[in-house]
Amino acid sequence: MLRSSVIALGAFALACGTPTASAPPPGQTHTAAAPAADARIVVIGFSDFHGWLLPLEPPKFTKYYGGIAHIDALLKNKEKVTGQSAIIVDNGDMWTGPMESTLLRGESVIQAYNALGLTAANVANHEFDFGIDVLKARISEAKFPFLGANITVAGTSETAPFVKPFTIVEREGVKIGIVGLSYGDTPHTTLAKHVAGLDFKPYAETLKKVVPEARAAGAQVVIVLFHDTVEEAKKVIALVPELEIAAVIAGQNHRKEDERVNGTPIVNPGPFGRSYVRFDLVWNRASSKVASSEYTIVDVTGEIGAPPFPPSIEMTQLVEAARQKAASMSGQPLGKLAKPLPAGTFADSPLGHMIADAWLTAFTKADFAICNHGAIRQPLAAGPVSIGDLLAVLPFENNLYIVKVTGKQLKETLAIDAPVVAGLTWKYREKGKERQVVSINDRVGRPIEDAKTYKVIVNDFMYFGGDGYKFKEYDATPEDTGLSLREPVMRMMRLAETSGRPVEPTPGARAAKAK
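For the sequence shown, our numbering gives the first residue as 1000, with consecutive numbering after it.
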């Protein structure tokens, strides 16, 4: 298997786990220079950017990680490319993350990508977070097309009207087709009403239909933006060798990974704009074939205050404007934390427990609260907490529901995904990838009864089947509280601030492996 090395501008644990090969000896490159008759096509790809316009600058670390202004500087000064000379693409999940993106509902990301010279973007599950109307608004603001070949009008094979199945651009006299595949499980990971009227077709079926259409429209080279894991992309690409796909950008699981299948490189560049992939495709004009395809994953990092290449004034000002606009909307203080609250694990999540406890405190008629661990997007640091801080932790626009479930159904629920709970403790065993619930006790230590009915607070993402939860099957008529999942947390923090007491969840794990 051919793999290019990961070029890091600084070492950090975030880069660990990426499969790499040794860098070439000094003076050597991974591929020979393309003959004059050949064309070298450069493709720069991101995935799962999640609105990280500003770099991550961890306390006590001297290095930064990511940041759109640093990306822009690297592309111009290190890669020596622009949107006119190369292909620059995003594989989806562009927003929902820090407040500079989430409060502005992706508007700032589109502005930054316009300035970066993006060629095309894939639509993935988080593009639907604020509803279809907001997505359409972002598309109207973009100077680049949004792709989604497998997003169709429900019950038809017609591509949804707000996306394109592919786009064709020309570089070095060669026409390149870019095909987008949205995350196939989007209906189960996104609020159902936000994808109503849409189907998400199977990947291989879509490629077999759309790639020939792109070639018929003139595409000589085809690359695919594939918003799913490298492992899933491998399975699909193995089924369609006849399509001769030149390169695939994968994503979704936030891991830097790479593989080759049928000669096609499949690369997940990693999340949050902290790294990107560069493909170098050599097109042989005589044979009308891709002669070679090499790739490098590049980490976006450097010394704080001394980046290897200075960011442009334009991009720096754009990010600062987004930060100030979001700050003006979110700077209202909520309270203070005496100690940091990490997201932890589903079994022991101090931050998750604080959130679920707030839900349960707000609705005393409920017995328990359950929050999916994936809803908690980042930890809270000690010190003052603002609305913007909380929004970065809980960026999704979801309401709270109260559902009725039996004790038996509650056991089934705790075996799914990664539930963070309030009002109960439980024990489990793991058998392979499956979890078996051994026992559940309520807040005073009483065992849960299988036949008894209990009231549970969940968010509407979970109710409608997100992350595999089955609450809609259990209760067809839930109570929609009308409250955002953030509202009880804000109330609790404000109350704690005015009463002068600390915000602190009951310490200790709420789930434990049985002996």
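Idealized CB from N, CA, C, for every residue including glycine.
Being a predicted model, the structure only gives us computed values, none of them experimental.
CB of residue i within 8 Å of CB of residue j, strictly
i        : j        : result
Asn-1535 : Asp-1092 : The displayed coordinates of the chain run from 1000 to 1514. Any statement about residue 1535 would go beyond what the structure contains.
Gly-1301 : Ile-1070 : no
Ile-1369 : Pro-1446 : no
Leu-1146 : Gly-1105 : no
Ile-1175 : Ile-1222 : yes
Ile-1296 : Pro-1264 : no
Leu-1206 : Ala-1245 : no
Ala-1141 : Asn-1113 : yes
Leu-1484 : Leu-1390 : no
Thr-1158 : Pro-1164 : yes
Phe-1367 : Val-1455 : yes
Pro-1339 : Asp-1047 : no
Gln-1435 : Ala-1450 : no
Ser-1438 : Ser-1385 : no
Asp-1466 : Lys-1403 : no
Leu-1516 : Met-1489 : This structure gives no information on residue 1516, because the portion of the chain shown stretches from 1000 to 1514.
Ala-1119 : Ile-1177 : yes
Thr-1095 : His-1049 : yes
Leu-1336 : Ala-1381 : yes
Ile-1401 : Pro-1504 : no
Ile-1040 : Val-1173 : yes
Ala-1203 : Val-1229 : no
Asn-1149 : Phe-1199 : yes
Lys-1471 : Phe-1463 : yes
Local Cβ density within 10 Å of residue i, reported as buried at 16 or more and exposed below that
i        : result
Phe-1460 : buried
Asn-1076 : exposed
Gln-1408 : buried
Asp-1479 : exposed
Ala-1213 : buried
Lys-1079 : exposed
Val-1152 : exposed
Pro-1025 : With a pLDDT of only 38 at Pro-1025, under the threshold of 50, the placement of this residue in the model should not be trusted, and no figure is reported.
Leu-1074 : buried
Arg-1137 : buried
Asn-1397 : buried
Gln-1110 : buried
Asn-1371 : buried
Gln-1083 : exposed
Val-1443 : exposed
Pro-1306 : buried
Asp-1298 : buried
Lys-1255 : buried
Pro-1054 : buried
Gly-1481 : exposed
Ala-1068 : buried
Ile-1312 : exposed
Ala-1032 : Only weak support is given to the placement of Ala-1032: the predicted model assigns it a pLDDT of 48, under 50, and the value that follows is read from those uncertain coordinates. So Ala-1032 ends up on the exposed side.
Pro-1034 : Residue placement at Pro-1034 cannot be trusted, given a pLDDT of 48 that sits under 50; what the coordinates show is reported in the next sentence. Looking at its Cβ environment, which holds fewer than 16 other Cβ atoms inside 10 Å, Pro-1034 is exposed.
Thr-1188 : buried
Ala-1022 : Only weak support exists for where Ala-1022 lies, its pLDDT of 40 falling under 50; the value from the coordinates is given anyway. Exposed, by the Cβ-count rule.
Glu-1320 : The sequence as given places Ala at residue 1320; Glu does not occur at that position. Its Cβ having fewer than 16 others within 10 Å, Ala-1320 is exposed.
Pro-1186 : buried
Asp-1132 : exposed
Asn-1440 : exposed
Gly-1387 : buried
Glu-1169 : exposed
DSSP bridge partner residues for residue i (one or two, in chain order)
i        : result
Ala-1246 : Ile-1222
Thr-1151 : Thr-1158, Asp-1198
Ser-1274 : Asp-1298
Gly-1179 : Leu-1224
Phe-1463 : Answer by DSSP bridge pairing: none, since Phe-1463 is not bridged.
Pro-1418 : Asn-1371
Ala-1450 : Answer by DSSP bridge pairing: none, since Ala-1450 is not bridged.
Leu-1055 : Tyr-1064
Tyr-1427 : Val-1436, Lys-1512
Asp-1441 : Leu-1423
Ser-1100 : According to DSSP, which records beta bridges pairwise, Ser-1100 is partnered with nothing at all.
Lys-1192 : According to DSSP, Lys-1192 bridges with nothing at all.
Ile-1265 : Val-1247, Glu-1258
Nearest-angstrom beta carbon gap, residue j and residue i [assumed within contact, 8 Å]
i        : j        : result
Ile-1303 : Tyr-1453 : Contact flag wrong, Cβ pair sits at about 50 Å.
Phe-1395 : Asp-1037 : No, Phe-1395 and Asp-1037 are not in contact; Cβ-Cβ is about 47 Å, not under 8 Å.
Asn-1209 : Val-1162 : Reading off the sequence, residue 1209 comes out as Val, not Asn. With 8 Å as the limit, Val-1209 and Val-1162 do not qualify as a contact, their Cβ atoms being about 12 Å apart.
Lys-1233 : Glu-1258 : 6 Å
Ala-1191 : Asp-1227 : With 8 Å as the limit, Ala-1191 and Asp-1227 do not qualify as a contact, their Cβ atoms being about 20 Å apart.
Pro-1225 : Val-1247 : Looking at the sequence itself, residue 1225 is Phe, so the reference to Pro does not match. Going by Cβ atoms, the distance from Phe-1225 to Val-1247 rounds to 5 Å, so yes, they are a contact pair.
Ala-1495 : Pro-1487 : In fact, because the Cβ distance is near 12 Å, the residues do not count as touching under 8 Å.
Validate contact between the segment 1405-1424 and the segment 1350-1363 using beta carbons, cut 8 Å, 3 pairs: yes
Three CB pairs or more closer than 8 Å across the segment 1331-1351 and the segment 1274-1291: no
Meets three-Cβ-pair contact criterion under 8 Å: the segment 1313-1326 and the segment 1096-1103: yes
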